[in-house]
Amino acid sequence: MIPQDTFIPEVVFIGRSNIGKSSLINGLVNRNGLVKTSSKPGHTRLMNFFKIGDRLSLVDMPGYGFKSRDEWGDMILDYFQHRSNLKRIYILVDPSHGLKDSDKQIMGMLDKSGLSYQVVLTKADKLSKTKLKAAKTEIEAELARDAICCFPQLLAISSKQKHGLDELRATILKAAQLST
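Note that full-length UniProt numbering has the sequence shown beginning at 1, numbered continuously upward.
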């Protein structure tokens with residue numbers, strides 16, 4: 001159930017199943033176990049709201065792609081288009097796989113709706129620095145060519161090694177207009 005529209009800024013994390021959305025939120029708040037994680041894809045079936053104090057909400061969405069059409073129904077699309085306190089949508093992408101068709105479809109839908117989003121590369125620790133740089137360059141070129149509403153800064157993070165989380169926190173605070 002979606003909480004009543006509030007004035008608290010919300011940022012949303014979306015991506016394919018098993019991309020690391022729950023681990024990322026745990027890493028951002030530095031609290032293992034806040035969001036339940038699973039090695040099985042499709043564990044998150046509903047939108048989950050995590051209120052951080054009384055200043056921000058982080059929203060964990062069900063994964064999209066294979067077998068997730070039911071979870072990505074009208075409720076989620078309606079939320080994106082009508083939530084006045086939605087400040088940014090973060091699309092999580094595995095750099096070892098690049099942008100998949102399902103990622104591009106979601107970006108196209110967000111572009112058509114004029115919704116601000118930013119791409120975050122997860123599981124950056126699983127690639128060498130050279131391969132990560134090459135993947136990042138390729139994805140950046142694709143976004144520059146095709147994405148309309150994408151925030152230009154591409155971030156690479158590792159929830160496991162805590163790499164890139166401070167940068168992501170800073171972009172969240174800025175998007176939510178909470179930075180000083």
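Backbone N, C-alpha and C fix where the C-beta goes; we use that ideal spot for every residue, glycine too. What you are looking at is a predicted structure, and each value in this text was computed from that prediction instead of being measured.
Contact set for D146: own chain, Cβ-Cβ below 6 Å, skip 5 residues either direction
Residues of the same chain with their beta carbon placed closer than 6 Å to that of D146 are lacking, with the five preceding and five following residues left out of the count.
Ends of the alpha helix (DSSP H) at N26?
Note, N26: alpha helix (DSSP H), 21 to 28.
Residue burial classification, I172 (beta-carbon count within 10 angstroms, cutoff 16):
Under this definition I172 is a buried residue.
Within 10 Å of its beta-carbon, does E138 have 16 or more other beta-carbons around it, so buried, or fewer, so exposed?
exposed
My output table needs one value for F80: the three-state DSSP class, helix, strand or coil.
The answer is helix: DSSP assigns F80 an H, G or I state.
K51 by DSSP, collapsed to three states: which one?
Strand at K51.
Leaving aside the five residues before and after E10 along the sequence, list all residues of the same chain whose C-beta is less than 6 Å from its C-beta, in chain order.
Excluding the 5 residues flanking it on each side, E10 has same chain C-beta neighbours closer than 6 Å at S57, V59, N85, L86, in chain order.
Quick one: measure Cβ to Cβ for L92 and I14, integer angstroms, because I've assumed they're closer than 8 Å.
Contact flag correct, Cβ pair sits at about 7 Å.
Report the three-state DSSP secondary structure of Q105 (helix, strand or coil).
helix
Beta-ladder partner(s) of C150, from DSSP:
Y117
Can you give the beta carbon distance from G27 to L165, rounded, assuming they're within the 8 Å contact cut?
5 Å
Nearest-angstrom beta carbon gap, D125 and K160 [assumed within contact, 8 Å]
6 Å
Contact under 8 Å by Cβ, E140 with L154
Taking 8 Å as the cut-off, the beta carbon of E140 is found closer than this to the beta carbon of L154.
Neighbour-count burial assignment, S23, 16 or more Cβ in a 10 Å radius:
Answer is buried; the Cβ neighbour count reaches 16.
Per DSSP, R169 forms a beta bridge with which residues?
Paired residues: none, contrary to the question.
Buried or exposed by the 16-neighbour rule on C-beta atoms within 10 Å, applied to Q118
buried
For the beta strand (DSSP E) that contains Y64, what are its first and last residues?
Counting along the chain, Y64 falls outside any beta strand (DSSP E), and DSSP gives it neither H nor E.
Cβ-Cβ separation, K51 to P95 (assumed contact under 8 Å), whole Å:
Actually they are not in contact, since the Cβ atoms of P95 and K51 sit about 30 Å apart, beyond 8 Å.
In this structure, does DSSP put P9 in helix, strand or coil?
Reduced to three states, the DSSP call for P9 is coil.
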